[in-house]
Amino acid sequence: MTFVQRDLPYGFDDLAPHLDRSVLEIHFTKHHSGYVSKLNAALENTELIDKQLCSLVADLSVVPEAKYAAVKKLAGQHYNHQLYWESLSPRGGGEPVGALGDAIVRDFGSYEAFRSQFSAAAASQFGSGWAWLSDNNGKLEVSSTGNEDTPLMTGAKPLLTLDVWEHAYYLQYQNRRPDFIEAFWNVLDWDAANTRFTS
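Numbered by my numbering, the letters in the sequence shown go through residues 1039 to 1237 in order.
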């Protein structure tokens, strides 16, 4: 077996005008695809090629020292990108409802307070990285990580993420990361995040 890049759950044009085709197509077909192919090459002829991606990222102690740095980078990037694509939808936006909506109000005080905290985490992440909403042992938390790191590596359950590497937005937004973050709220798939939260 090999690790597989899942198809996007929408077309390259479907998130416009918030995220346009040039951003999605290059991000998905060049950056993410490259991480997957390099991960498979790094794990070729090892038993790790048969592990579930979540299991591998959550427990990197199983990776031989000689391959550790490459596998951490590539598996982390594959996992993060996969979750990012599945955090977006042409029918996204609005406010969360259901169990996740209730939990956001419980743990942040209001949806507005959560949104402000998440946007700040995304905007203040220095250099390349990610902003996250995660379930950490029954309590929701916002965080940011650098490079390929993910809350999954520290035992939390990521529910949604925003990619703030420059390749995620530069073709459309240039250096205007705050505008990209604002656009994200129009395509955020709350239904998918709620499904992850309740499963």
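Glycine included, C-beta positions come from ideal geometry on N, C-alpha and C.
| Query | Result |
| --- | --- |
| With 16 other Cβ atoms within 10 Å as the buried cut-off, status of R1144 | exposed |
| C-beta atoms of C1092 and L1190 nearer than 9 Å | yes |
| Pick from T1233, Y1207, H1069, R1215 that is closest to A1054, judged by C-alpha positions | Y1207 |
| N- and C-terminal bounds of the beta strand (DSSP E) containing E1179 | 1177–1184 |
| Given G1116 as reference, the closest of Y1106, E1220, Q1043, T1192 once Cα atoms are compared | The question names Gly, yet the displayed sequence has His at residue 1116. Of the candidates Y1106, E1220, Q1043, T1192, the one whose C-alpha sits nearest the C-alpha of H1116 is Q1043. |
| Check whether A1230 and E1124 have beta carbons under 9 Å apart | yes |
| Three-state secondary structure assigned by DSSP to G1167 | strand |
| Three-state class that DSSP yields for L1053 in the structure shown | coil |
| For T1199, the three-state DSSP class (helix, strand or coil) | strand |
| Bounding residues of the alpha helix (DSSP H) (the contiguous stretch that carries D1217) | 1215–1222 |
| Chain-order list of residues whose beta-carbon lies under 6 Å from that of T1183 (same chain, five-residue window excluded) | G1167, W1168 |
| contact_flag[the stretch 1204–1222, the stretch 1070–1087] where n(CB pairs < 8 Å) is 3 or more | no |
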